[in-house]
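Accompanying notes for the structure given below.
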Amino acid sequence: MKKVFVLILGLVLIFTSCSDDDSDGSSDQFDPSLIIGTWNLEDTDIDGTTSTTIQNQPVQFTANTELMSADFTLTFDSNGDYDAQGQSSYRVTTALFPEQIIDSDIQSATGTYTINDREIIFTGDSFIGVFGDQVPNLDGLELTINTLTDTRLILDVEGTVQQQLFGTEADVDVDGFIEFSKS
Numbered sequence: 020m021k022k023v024f025v026l027i028l029g030l031v032l033i034f035t036s037c038s039d040d041d042s043d044g045s046s047d048q049f050d051p052s053l054i055i056g057t058w059n060l061e062d063t064d065i066d067g068t069t070s071t072t073i074q075n076q077p078v079q080f081t082a083n084t085e086l087m088s089a090d091f092t093l094t095f096d097s098n099g100d101y102d103a104q105g106q107s108s109y110r111v112t113t114a115l116f117p118e119q120i121i122d123s124d125i126q127s128a129t130g131t132y133t134i135n136d137r138e139i140i141f142t143g144d145s146f147i148g149v150f151g152d153q154v155p156n157l158d159g160l161e162l163t164i165n166t167l168t169d170t171r172l173i174l175d176v177e178g179t180v181q182q183q184l185f186g187t188e189a190d191v192d193v194d195g196f197i198e199f200s201k202s
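Just remember that the numbering used here sits 19 ahead of the position in the sequence shown, which is counted from 1.
Below is the structure:
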């Protein structure tokens, strides 16, 4: 009986370890062609630390941006072009200011994209807003494809962007994700 139990346990372990547990898209078998199509914005959660100088005093504060609602699509064509359309609302929470709801209304953002390993590089108009303002370009932000299946895309967002804040340049260190779905 003990040998039968060990045999069954061994088979269970073999089949469990051989199952496809990479269905989240993070396997080494990455297929960048799955990105082609129209994606709907589902979720965003981005943390940021802003550093600047106001009246010769260094100022630093953190903020969290969460998606409240969205009617926003991002379309990737097979020829390397992208098109972003729509609008979204975000809740921005900081220790410096009271909670704010910020609407981002992007009529259209277009450009080109390339995928190098799992990094996606956009050239052209920005479709990413950080704490209510559109990033003028995506320089300084690294967008990595965390998950890519035929129905799910998660981009990890990391890096430092410069924005105008209180009439002065501010560095915003960004870390978070943007999640899309495709039907």
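Even for Gly, the Cβ is constructed at its ideal location relative to N, Cα and C.
Excluding five sequence positions before and after residue 112, the CB atoms of its chain that fall closer than 6 Å to its own CB belong to 83, 118, given in chain order.
Pairing residue 94 with residue 75, the inter-Cα distance amounts to about 44 Å. Nearest neighbour of residue 67 by Cα position, chosen from 182, 192, 51, 56, turns out to be 192. Of 86, 70, 71, the smallest CA-CA separation from residue 198 is found for 86. A direct Cα-to-Cα measurement between residue 106 and residue 49 gives close to 30 Å. One Cα belongs to residue 135, the other to residue 90, and the distance between them is close to 29 Å. Residue environment for residue 69: buried (at least 16 other C-beta atoms within 10 angstroms of its C-beta). Only residues of its own chain outside the window of five on either side were considered, and among them 134 have a CB closer than 6 Å to the CB of residue 51, listed in chain order.
In this structure, the CA atom of residue 176 is about 12 Å from the CA atom of residue 140.
The beta carbon of residue 131 is closer than 8 Å to those of 99, 100, 101, 141, 142, 143 in its chain, skipping five residues each way along the sequence. Residue 83 has 66, 112 as its beta-bridge partners, per DSSP. Relative to the Cα of residue 73, the nearest Cα in the group 178, 188, 194 belongs to 188.
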